[in-house]
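Everything below concerns the one structure shown next.
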Amino acid sequence: MNAIYFIPILAVVLVGLLTKRVPPMAAKIGLVGGCLLIAAGYFVPPFTLLPQIMHEFHFVALVFVLLVVMMLIIGKVRPRETDWIQEHSGDVDLTPWKGAVPAGIVLVVLVIVMYISFAG
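Quick note on numbering: the sequence shown equals residues 1156 to 1275 in this note's numbering.
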């Protein structure tokens, strides 16, 4: 059930991070269209055959790929007039924390230890 909203959000975020010319209209269509496609695949009788024919993960992956391709096509047909550029407003101090790398290493080691301790 989480796929109904998570997959469209993931597709929009991925396209938004990796492209600069895809317009906001593509994201709106992707969010609404993706939610409707996945919900139809699970709840609307003629479309429920598709997740039954293929595995549910493959169905969700297919919708994800369709959403990404659709947003990229919209970006080619009606691109933004200017490239989107992230601008720093100065509201938040973005100085890197000195302890980020050691804390990250500790977290990775802890996760590995947890996986090893809970594995079979």
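Every residue, glycine too, gets a C-beta built ideally from N, C-alpha and C.
In the DSSP assignment, His-1243 falls outside any alpha helix (DSSP H) and carries neither an H nor an E.
The shortest CA-to-CA distance from Glu-1236 to any of Ala-1258, Arg-1176, Met-1156 is the one to Arg-1176. Look at Lys-1253 here: in three-state DSSP terms it is coil, with no helix or strand label. The Cβ atoms of Val-1224 and Ile-1193 lie no closer than 8 Å to each other.
Only residues of its own chain outside the window of five on either side were considered, and among them Pro-1163, Ala-1166, Val-1167, Leu-1222, Met-1225, Met-1226 have a CB closer than 7 Å to the CB of Gly-1185, listed in chain order. A direct Cα-Cα distance of roughly 44 Å separates Gly-1275 from Lys-1183. The three-state reading of DSSP puts Gly-1275 in coil, since its state is none of H, G, I, E or B. For Phe-1214, the enclosing alpha helix (DSSP H) starts and ends at 1211 to 1232.
Excluding residues up to 5 positions away in sequence, Thr-1203, Pro-1206 lie with their Cβ nearer than 7 Å to the Cβ of Tyr-1197 in the same chain. Lys-1183 carries a helical assignment under DSSP once its states are collapsed to helix, strand and coil.
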